[in-house]
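Trainee:
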């Protein structure tokens, strides 16, 4: 009886971990019972800004960006697709409010979904008393094409959505090249090409890996928050030189498949009946089966 | 045999529980934020409103009634600005950006908004906000780092990380004060 208690505790703990690792983003970041974010459309277009990177090989940078988003498209248990809609020359980031006047807002209006690098810090280039700093304008980043989120932040995703339902209209990714010169080189098998290490070729080294960063950010773009699983691409922390987030972990796959199951509407949460409240969207098949398997294994042992 | 199985099972349960609460790596310690801040204040959110900017962004202005200041000259009320919020049916969110609730008591590390009097932004996205929770026995200050992305600079954290854990408010304030006014070194 005592041992059975351990089995149950272990199984429940494992289940809790598997079910809670990935997290969805809510319309109100201070309220986890508010609706979760999701795309109503299953194919989500994106545009790479034609300027690309200031540092490094631009073609390699564009390829790295495409590969990053492709990771999510390649997941078998979901039909969610990121679609490359070519280059965009426009450096402006934000949501075009004129779209709000259109009667069928979401499915009839194509989101733009920009991905671009900012290679200057706003405090370095914006003149004192420039009107772009006024709260009503707050567009120094667009006027001066600069990074305005402060130091230490590598990349940010800004998502615009229906606050009542959680349906996403638009999402943009900005990358802070002013502070972090992104790299695209593959790591050596022995991990010996970390940028800045003695004797390492600065043109063939891994620093702030672009794919590591953008695969993570494009997970935000589809509605995932930060996972508690340290092996996941959506885990919040990474070290310089890390490339493990280039490919998805099982927890990331569980996340996208829980939101976008094939040939079915996106799974919503937050406004669902109480049983589904609190974003109970982590019970992907594998997660649900895991504790049962653990119990079955130990039950089998006891019978011997 | 029974004892060793129980030990292993307990260890597994503990390991799993620890993973479930894995925290975000930090790049700004309390001391880093103290250095960078123009103003460090404790106060209460009285109200907040969001508006569209010309650039198609939503910006939220948070009105804060200041109770006390640790660094800088703070008036009785200040405005704190952050990106994201909602206007009518439209919401906008920047992952890792700070967010507030009405009536919330906070300790904030702030930098002055350039060119705009009496307006501030929180340092390091949500790293610079500590939520204050009062109970009968303690007053805790908690960093809520949900949604904060990778912010570790090349070479690792600048100094020690707070790890987003809760700490007593008086301990947090003592750390700030000690960093601002380090004890004079004894002369030989």
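Chains as they are written, first to last, in this note's numbering: chain A, 154 to 457; chain B, 330 to 517.
For every residue, glycine included, the Cβ atom is placed at its ideal position computed from N, Cα and C.
Expressed to the nearest angstrom, what Euclidean distance is found between the alpha-carbon atoms of residue 405(B) and residue 510(B)?
Mentor: 24 angstroms
Trainee: Would you call residue 187(A) buried or exposed, if buried means 16 or more other Cβ atoms sit within 10 Å of its Cβ?
Mentor: buried
Trainee: Grab the span of the beta strand (DSSP E) containing residue 315(A) for me, first residue to last.
Mentor: 308–315
Trainee: Residues of chain B with a CB under 7 angstroms from the CB of residue 250(A): which are they?
Mentor: 381, 385
Trainee: Just mark residue 360(A) as buried or exposed, buried being the case when its beta carbon has 16 or more other beta carbons within 10 Å.
Mentor: buried
Trainee: Cβ of residue 443(B) less than 9 angstroms from any chain A Cβ?
Mentor: yes
Trainee: Can you check whether the CB of residue 452(B) is closer than 9 angstroms to the CB of residue 362(B)?
Mentor: Judged by beta-carbon spacing, residue 452(B) lies within the 9 angstroms limit of residue 362(B), meaning their Cβ atoms are closer than that value.
Trainee: Grab me the residues of residue 415(B)'s own chain with a C-beta within less than 8 angstroms of its C-beta, minus the 5 sequence neighbours each way, in chain order.
Mentor: 379, 387, 421.
Trainee: May I ask which residues mark the beginning and end of the beta strand (DSSP E) holding residue 341(A)?
Mentor: First-last for residue 341(A): undefined, no H or E at that position.
Trainee: In the segment 307–323 of chain A, which residues sit with their C-beta less than 7 angstroms from some C-beta in chain B, listed in chain order?
Mentor: 307, 308, 309, 310, 311, 312, 313, 314, 315, 316, 317
Trainee: Looking only at its chain, what residues have a beta carbon closer than 6 angstroms to the beta carbon of residue 385(A), apart from the 5 residues adjacent to it on each side?
Mentor: 402, 404, 405
Trainee: Hey, would you say residue 320(A) sits closer than 9 angstroms to residue 192(A), going by beta carbons?
Mentor: yes
Trainee: What first and last residue would you give for the alpha helix (DSSP H) that runs through residue 231(A)?
Mentor: For residue 231(A), there is no enclosing alpha helix (DSSP H), since its DSSP letter is neither H nor E.
Trainee: Let me check understanding here. Comparing Cα to Cα, which of 233(A), 211(A), 356(A) lies closest to residue 415(A)?
Mentor: Nearest of 233(A), 211(A), 356(A) to residue 415(A), Cα basis: 233(A).
Trainee: Is the beta carbon of residue 240(A) sitting closer than 9 angstroms to the one on residue 200(A)?
Mentor: In contact: residue 240(A) and residue 200(A) (Cβ atoms closer than 9 angstroms).
Trainee: Within the segment 360–435 of chain A, note down every full beta strand (DSSP E) run reaching 3 residues or more, in order along the chain.
Mentor: none
Trainee: Helix, strand or coil, according to DSSP, for residue 221(A) in the structure here?
Mentor: helix
Trainee: Considering just the uninterrupted stretch of the beta strand (DSSP E) at residue 206(A), what are its terminal residues?
Mentor: Per DSSP, residue 206(A) belongs to no beta strand (DSSP E) and is neither H nor E.
Trainee: Taking Cβ-Cβ distances shorter than 9 angstroms, what residues in chain B pair up with residue 286(A)?
Mentor: 442, 443, 444, 445
Trainee: Which class does residue 178(A) belong to by DSSP, given the choice of helix, strand or coil?
Mentor: If DSSP states are grouped into helix, strand and coil, residue 178(A) belongs with coil.
Trainee: Could you spell out where the alpha helix (DSSP H) holding residue 278(A) opens and where it closes?
Mentor: 275–278
Trainee: What does the alpha-carbon distance come out to for the pair residue 438(B) and residue 505(B)?
Mentor: 10 angstroms
Trainee: Could you list the residues in the segment 346–368 of chain A with a C-beta less than 9 angstroms from some C-beta on chain B, going in chain order?
Mentor: 348, 349, 360, 361, 365, 366
Trainee: Work out the CA separation of residue 337(A) and residue 377(B) for me, nearest whole Å.
Mentor: Taking the Cα positions, residue 377(B) is about 42 angstroms away from residue 337(A).
Trainee: Indicate the three-state DSSP secondary structure (helix, strand or coil) for residue 295(A) in the structure shown.
Mentor: helix
Trainee: Check whether the segment 217–226 of chain A and the segment 365–372 of chain A touch, using three or more Cβ-Cβ pairs below 8 angstroms as the test.
Mentor: yes
Trainee: Is it buried or exposed, residue 499(B), if we count other Cβ atoms within 10 angstroms and call 16 or more buried?
Mentor: exposed
Trainee: Rounded to whole angstroms, what's the CA-CA distance from residue 324(A) to residue 313(A)? Just pull it up for me.
Mentor: 6 angstroms
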